[in-house]
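Asks: The following block contains the structure, expressed as structure tokens.
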Amino acid sequence: MSGIKLPTAAERLRSLLAAASSLTLHVPGHRCDLVGRHRIDQAGRIVLELPDDSHAAHLVRAEPDLASALELTDLAATPVVATGTGRVRARATFSGWLTPTASDAGELLAVMELGAAALQDPAFGPDEVDVEPAEFAAARPDPLAEHEADLLCHLLSAHPDAVERLSRLIPPHHLHGVRRILPVRMDRFGLVLRLEFASRARDVQLAFTTPVRHVTEAGDRMQDLLARARCCRHGH
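Take 289 as the starting number for the sequence shown in this note's numbering and just add one per residue.
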């Protein structure tokens, strides 16, 4: 995805957590999936809500500062072809120590003291990117992070003709041999279309004129892109 404007790796991690519906928690001798049980507090710390009677909660109570790791996998919301990384857009790992802070309505709240965080995202290159805990805490998620999947699915299902029109903004030499075009990413900087070929894929960003500051601005930015596309002809 060369030439695509990107958030920082720390911002990407914050966005992944904001959008994720589930995480996998690893503690010594135990692994469990947490669905809808994580959030980020105002200090930028990961807070987990563990069922009071769960094995994980018992372990955290028994050993404050329990060594732990969290993993999440980000999947494309649209049906991209399963080549290369397939539908996996990114993976994130967080390691540190869990400390119990409170119990409320049958839940144990545990805060992770982050020791290390890492991002695997082809948009950032082939290598894993390490993020310092202070960078992670100071970063903010993308304003579209929690809405991106719905926005992409709505674009594809309700406005498939719009995707074809938007492809007019792509330089023609990038479209030679393309078999299908799908929206695959959207953040404050723009919309990314995936160009699928017989044995490979390429991502192209259609940049917004100005970055989105709030999700309510996304519709206007998309209308701006479509207006620009209407001024283009095939083979421009």
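We put the CB at the ideal spot given by N, CA and C, even for glycine. Please read these numbers as outputs of a predicted model, since none were measured by experiment.
Between the C-alpha atoms of HIS524 and ILE292, what's the straight-line distance to the nearest angstrom?
Replies: Per-residue confidence for HIS524 stands at a pLDDT of 48, beneath the threshold of 50, marking its modelled position as unreliable; the derived number appears in the next sentence. Rounded to whole angstroms, HIS524 to ILE292 spans 21 Å at the Cα level.
Asks: Between which residues of its own chain and ASP430 is the CB-CB distance below 7 Å, once the five residues before and five after are set aside?
Replies: For ASP430, where only same-chain residues beyond five positions count, the Cβ hits under 7 Å are PRO295, GLU299, SER303, ASP475, ARG476.
Asks: Contact defined as beta carbons within less than 8 Å: I believe LEU301 pairs with PHE424. What is the distance between those atoms, to the nearest angstrom?
Replies: Contact flag correct, Cβ pair sits at about 6 Å.
Asks: Pull up the distance between the alpha-carbon of ASP508 and that of PRO471, whole angstroms please.
Replies: If you take the alpha carbons of ASP508 and PRO471, they lie about 17 Å apart.
Asks: Suppose you measure from the CA of GLN408 to the CA of GLU420; what does that come to, to the nearest Å?
Replies: Distance between the alpha carbons of GLN408 and GLU420: 15 Å.
Asks: Compute the distance between the beta-carbons of ARG473 and GLU416, then report whether it is under 9 Å.
Replies: In this structure, GLU416 does not lie closer than 9 Å to ARG473 by Cβ.
Asks: Do you know offhand how far ARG516's Cα is from ALA398's?
Replies: Each residue's Cα considered, the two are about 49 Å apart.
Asks: Where do the N-terminal and C-terminal ends of the alpha helix (DSSP H) with GLU436 fall, by residue?
Replies: Looking at the DSSP string, the run of the alpha helix (DSSP H) that includes GLU436 is 436-446.
Asks: Taking only runs that begin and end inside the region 342-369, name each unbroken alpha helix (DSSP H) of 4 or more residues, in chain order.
Replies: The qualifying runs are 343-350.
Asks: Nearest to THR366 by alpha carbon, out of PHE382, LEU439, THR498?
Replies: Closest option to THR366, Cα to Cα, is LEU439.
Asks: In the region 418-497, which residue ranges form an unbroken alpha helix (DSSP H) of at least 4 residues, counting only runs that do not cross its ends?
Replies: Taking only runs of at least 4 residues, the alpha helix (DSSP H) segments lying wholly in the region 418-497 are 421-426, 436-446, 448-454.
Asks: In the DSSP assignment, what are the bridge partners of MET400?
Replies: For MET400, which the question treats as bridged, DSSP gives the partners ILE334, LEU386.
Asks: Opposite ILE292 in the DSSP bridges: which residues?
Replies: According to DSSP, ILE292 bridges with nothing at all.
Asks: Between which two residues does the alpha helix (DSSP H) containing ARG509 stretch?
Replies: Unbroken alpha helix (DSSP H) run through ARG509: 506-518.
Asks: Below 6 Å CB to CB, which residues in the same chain sit around ILE458 once its five sequence neighbours on both sides are set aside?
Replies: These residues qualify, in order along the chain: VAL492.
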